[in-house]
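Heads up, the thing below is written out as structure tokens.
There are 2 protein chains.
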Amino acid sequence: MDWSFLDSLKFDQSGLIPCVAQDCETSEVLMVAYMNRESLTDTVNKGLASYWSRSRKKYWIKGETSGNTQEVREIRFDCDLDCVLIRIKQNGGAACHTGMRSCFFNKLTPEGLVEDGQRIFDAENVHGKQPTAS
Amino acid sequence: MDWSFLDSLKFDQSGLIPCVAQDCETSEVLMVAYMNRESLTDTVNKGLASYWSRSRKKYWIKGETSGNTQEVREIRFDCDLDCVLIRIKQNGGAACHTGMRSCFFNKLTPEGLVEDGQRIFDAENVHGKQPTAS
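Chains as they are written, first to last, in our numbering: chain B, 1 to 134; chain S, 135 to 268.
In structure tokens:
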């Protein structure tokens, strides 16, 4: 692997680059998250998407706890080399921690935002939470 | 139009939110750019994508000079309300200022980045530049 491209990339002042994850079969945009140099290198090496969580301030292998990993089929960078696009196979069917297939389930309508997406699982049942009594 | 959603969005410390522009017919990811509150409002109102250029530090209607405007068909926000996805009709066929259909023409291979995309126009002939003698 020729890693010299890493030095061409424009990571921001926090050392991050935004990454769009797109379904390799349907081309649906599933999520946008951030990578640092380490998570991008690991994504290339292991073929599983890993990111940097800005809220938890930690390295994060997508699906490590939920099993909803992302198998990377293709990696692209934009003209400015400041954004990543990965085409992935979404294991478990859902990219979003809420249980929706795509994170982009908030559709803008004249009445405001409405939920418009495919629910794959009940988010109460994952990430170590107990299911509700109902 | 109920604009209250604007107050729910998480613009960053610079007042910006990243926006993924996706072709409404092919679902190809064409570009990622940034919007501030004004450009997002105008995008909704006018139905043409406008952004905030971080490099030129100015409001920017996509295609204003080149004619390669983006007609907005759908606007979505992600679960964290810190990213926009617009599905658009790309007039002129090219989203990228380089003349490529998509900005994401840099494909990662074991040998590094290779150009892999559809060229729509010769970038020398737009944006006020004179064509080369050849």
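Beta carbons: idealized from backbone N, C-alpha and C, even for Gly.
Beta carbon proximity, residue i to chain B, threshold 8 Å
{"i": "S:Gln-204", "result": "no"}
{"i": "S:Glu-245", "result": "yes"}
{"i": "S:Phe-145", "result": "no"}
{"i": "S:Val-248", "result": "no"}
{"i": "S:Lys-179", "result": "Looking at the sequence shown, residue 179 of chain S is not Lys but Asn. It does not: the Cβ of S:Asn-179 has no partner Cβ on chain B nearer than 8 Å."}
{"i": "S:Gln-252", "result": "no"}
{"i": "S:Cys-237", "result": "yes"}
Straight-line gap, residue i to residue j (C-alpha atoms, nearest Å)
{"i": "S:Asp-256", "j": "S:Gly-233", "result": "6 Å"}
{"i": "B:Tyr-59", "j": "B:Val-32", "result": "15 Å"}
{"i": "B:Arg-73", "j": "S:Arg-235", "result": "21 Å"}
{"i": "S:Thr-266", "j": "B:Pro-18", "result": "A caution first: S:Thr-266 carries a pLDDT of 40, below 50, which makes its placement in the model too unreliable to give a value."}
{"i": "B:Leu-48", "j": "B:Ala-21", "result": "12 Å"}
{"i": "B:Asp-80", "j": "B:Arg-56", "result": "28 Å"}
{"i": "B:Val-84", "j": "B:Ile-75", "result": "7 Å"}
{"i": "B:Lys-62", "j": "S:Arg-253", "result": "34 Å"}
{"i": "B:Ser-39", "j": "B:Met-1", "result": "16 Å"}
{"i": "S:Asp-157", "j": "B:Asp-23", "result": "14 Å"}
{"i": "B:Ser-27", "j": "S:Glu-198", "result": "28 Å"}
{"i": "B:Pro-110", "j": "S:Asp-141", "result": "15 Å"}
{"i": "B:Gly-117", "j": "S:Thr-175", "result": "24 Å"}
{"i": "B:Ile-88", "j": "B:Ala-95", "result": "10 Å"}
{"i": "B:Gln-13", "j": "S:Asp-216", "result": "18 Å"}
Assigned secondary structure, residue i (DSSP; H/G/I helix, E/B strand, else coil)
{"i": "S:Asn-179", "result": "helix"}
{"i": "S:Ser-268", "result": "Because the pLDDT of S:Ser-268 is 35, which lies under 50, any placement of that residue in the model is unreliable, and the number read from its coordinates should be weighed accordingly. The answer is coil: DSSP assigns S:Ser-268 none of H, G, I, E or B."}
{"i": "S:Leu-238", "result": "Per the sequence shown, the amino acid found at residue 238 of chain S is Phe instead of Leu. Coil, per DSSP."}
{"i": "S:Asp-157", "result": "strand"}
{"i": "S:Glu-208", "result": "strand"}
{"i": "B:Leu-81", "result": "coil"}
{"i": "B:Ser-4", "result": "helix"}
{"i": "B:Ser-39", "result": "helix"}
{"i": "S:Lys-263", "result": "Interpretation of S:Lys-263 is limited by its pLDDT of 48, a score under 50 that renders its predicted location unreliable; no figure is taken from the coordinates."}
{"i": "S:Ala-167", "result": "strand"}
{"i": "B:Glu-115", "result": "strand"}
CB contact check: residue i to chain S, cutoff 8 Å
{"i": "B:Thr-90", "result": "Strictly speaking, residue 90 of chain B in this sequence is Gln, with Thr absent from that position. For B:Gln-90, the answer is no, since every Cβ of chain S falls outside 8 Å of its Cβ."}
{"i": "B:Arg-138", "result": "Examination of residue 138 of chain B is not possible in this model, given that chain B is present from 1 through 134 alone."}
{"i": "B:Met-31", "result": "yes"}
{"i": "B:Asp-42", "result": "no"}
{"i": "B:Ile-57", "result": "The amino acid occupying residue 57 of chain B in the given sequence is Lys; Ile does not appear at that position. False, the Cβ-Cβ gap to chain S never drops below 8 Å."}
{"i": "B:Phe-121", "result": "no"}
{"i": "B:Met-1", "result": "yes"}
{"i": "B:Thr-65", "result": "no"}
{"i": "B:Ser-4", "result": "yes"}
{"i": "B:Ser-27", "result": "yes"}
{"i": "B:Leu-48", "result": "no"}
{"i": "B:Asn-81", "result": "First, the residue type needs correcting, since residue 81 of chain B is Leu and not Asn in the sequence shown. It does: the Cβ of B:Leu-81 has a partner Cβ on chain S nearer than 8 Å."}
{"i": "B:Lys-138", "result": "There is no way to answer for residue 138 of chain B, as the model of chain B reaches only from 1 to 134."}
Under 8 Å between C-beta atoms of residue i and residue j
{"i": "S:Phe-238", "j": "S:Glu-249", "result": "no"}
{"i": "B:Thr-43", "j": "B:Ser-50", "result": "yes"}
{"i": "S:Phe-139", "j": "B:Gly-112", "result": "yes"}
{"i": "B:Leu-30", "j": "B:Phe-77", "result": "no"}
{"i": "B:Asn-91", "j": "B:Glu-71", "result": "yes"}
{"i": "B:Gly-67", "j": "B:Asn-36", "result": "no"}
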